[in-house]
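A.B. asks: Numbering-wise, UniProt numbering puts 183 at position 183 of the sequence shown, and it's gapless, one number per residue. Dropping the structure in here first, questions after.
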Amino acid sequence: MADFVDDDLTGSVFRRVTMTGASFDDVDLSGARLRAVDLSGAQLRGVDLQHVVMRGVELGNVDITGELLNVTINGDPAPWHPLDLPWDEMPDTPGVPRDRVVRPSLDEVLTLRQDRMSSVRELVDGLTERALDGGTEPVAGPGWPRPRRYPMREVLLTVLNEEWEHRLYAERDLDALAARHDPA
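Set out below in structure tokens:
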């Protein structure tokens with residue numbers, strides 16, 4: 001399955017190939033052009049995005065940002081929001097929500113997502129070379145990641161990679177939904 005996902009993304013994003021295996025210093029995103037994800041157009045066509053895309057893609061993205069960033073870097077032992085969903089293979093864990101029945105409004109999801117994106121932006125804006133070369137302190141608590149010291153560079157690369165990949169999935173899925181629901 002991982003090969004299929006990798007092929008799917010690499011086929012749609014040529015630049016991704018040049019970033020695979022690159023170190024943080026080697027990746028130059030200054031020329032990257034990603035179009036804005038336009039949720040309003042899909043909403044106007046009556047597409048129920050919050051249950052089709054938001055629970056499957058965007059909230060998955062919210063999760064990784066909350067877990068890695070808020071646990072390892074911000075030291076929050078319980079970063080889980082009630083709307084978060086862990087990955088499917090994660091065993092049931094006390095303190096980690098797994099409510100697949102909840103149906104949040106699109107505004108609720110987007111507000112939570114914006115908060116997590118702001119956290120990433122604050123981290124990146126405040127990074128120094130010294131901090132980037134440092135590590136995190138173990139934080140005990142339920143869920144993931146395990147309480148140990150992580151290289152800051154590894155945490156940041158994982159968060160940025162997840163942000164990038166989930167963005168690509170969101171764009172792909174929104175395009176597919178728009179094509180399916182386009183009245184023209």
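Here a beta-carbon is modelled for each residue, glycine too, at the ideal position from N, C-alpha and C.
Quick one: give me the first and last residue of the alpha helix (DSSP H) that Gly126 is part of.
C.D. replies: Locating residue 126 in the sequence shown gives position 126, where the first residue counts as 1. First-last of the alpha helix (DSSP H) with Gly126: Leu106 to Gly126.
A.B. asks: Please report the distance separating the alpha-carbon of Leu127 from that of Arg149.
C.D. replies: For the purposes of this step, residue 127 is identified with residue 127 of the sequence shown, where counting begins at 1. For the purposes of this step, residue 149 is identified with residue 149 of the sequence shown, where counting begins at 1. For Leu127 and Arg149, the distance between alpha carbons rounds to 18 Å.
A.B. asks: What number of angstroms, rounded off, separates the C-alpha of Gly141 from the C-alpha of Ala170?
C.D. replies: Walking along the sequence shown from the start, residue 141 turns up at place 141. Walking along the sequence shown from the start, residue 170 turns up at place 170. Taking the straight line from one Cα to the other gives about 30 Å.
A.B. asks: Between the region 105-112 and the region 68-88, are three or more C-beta pairs nearer than 8 Å?
C.D. replies: Touching, yes.
A.B. asks: Within the chosen definition, does the region 86-106 reach the region 154-162 through at least 3 CB pairs nearer than 8 Å?
C.D. replies: At 8 Å Cβ cutoff, the stretches do not touch.
A.B. asks: From Glu108 to Arg121, what does the alpha carbon distance come to, in whole angstroms?
C.D. replies: Start at 1 with the first residue of the sequence shown, and residue 108 comes out as number 108. Start at 1 with the first residue of the sequence shown, and residue 121 comes out as number 121. Distance between the alpha carbons of Glu108 and Arg121 is about 20 Å.
A.B. asks: Classify Gly141 as helix, strand or coil using the three-state DSSP reduction.
C.D. replies: Indexing the sequence shown from 1 puts residue 141 at position 141. If DSSP states are grouped into helix, strand and coil, Gly141 belongs with coil.
A.B. asks: Using CA coordinates, which residue listed in Val102, Val159 and Ala179 is at the minimum distance from Ile73?
C.D. replies: Here residue 73 corresponds to residue number 73 of the sequence shown, with the count starting at 1. Of the candidates Val102, Val159 and Ala179, the one whose C-alpha sits nearest the C-alpha of Ile73 is Val159.
A.B. asks: Mind checking which residues open and close the alpha helix (DSSP H) that includes Glu129?
C.D. replies: Sequence index remark: in the sequence shown, residue 129 carries index 129 (1-based). Looking at the DSSP string, the run of the alpha helix (DSSP H) that includes Glu129 is Glu129 to Asp133.
A.B. asks: Measuring straight from C-alpha to C-alpha, what distance separates Ser105 and Leu123?
C.D. replies: As a working note, residue 105 is residue 105 in the sequence shown. As a working note, residue 123 is residue 123 in the sequence shown. Distance between the alpha carbons of Ser105 and Leu123 is about 28 Å.
A.B. asks: What's the call for Asn161, buried or exposed, on a 16-neighbour Cβ count within 10 Å?
C.D. replies: Along the sequence shown, read from residue 1 onward, the residue named residue 161 stands at position 161. Asn161 comes out exposed.
A.B. asks: When the Cα of residue 185 is compared with those of Ala176, Asp133, Pro77 and Asp173, which residue comes out closest?
C.D. replies: A query on residue 185 cannot be resolved here, the shown segment of the chain reaching from 1 to 184 and no further.
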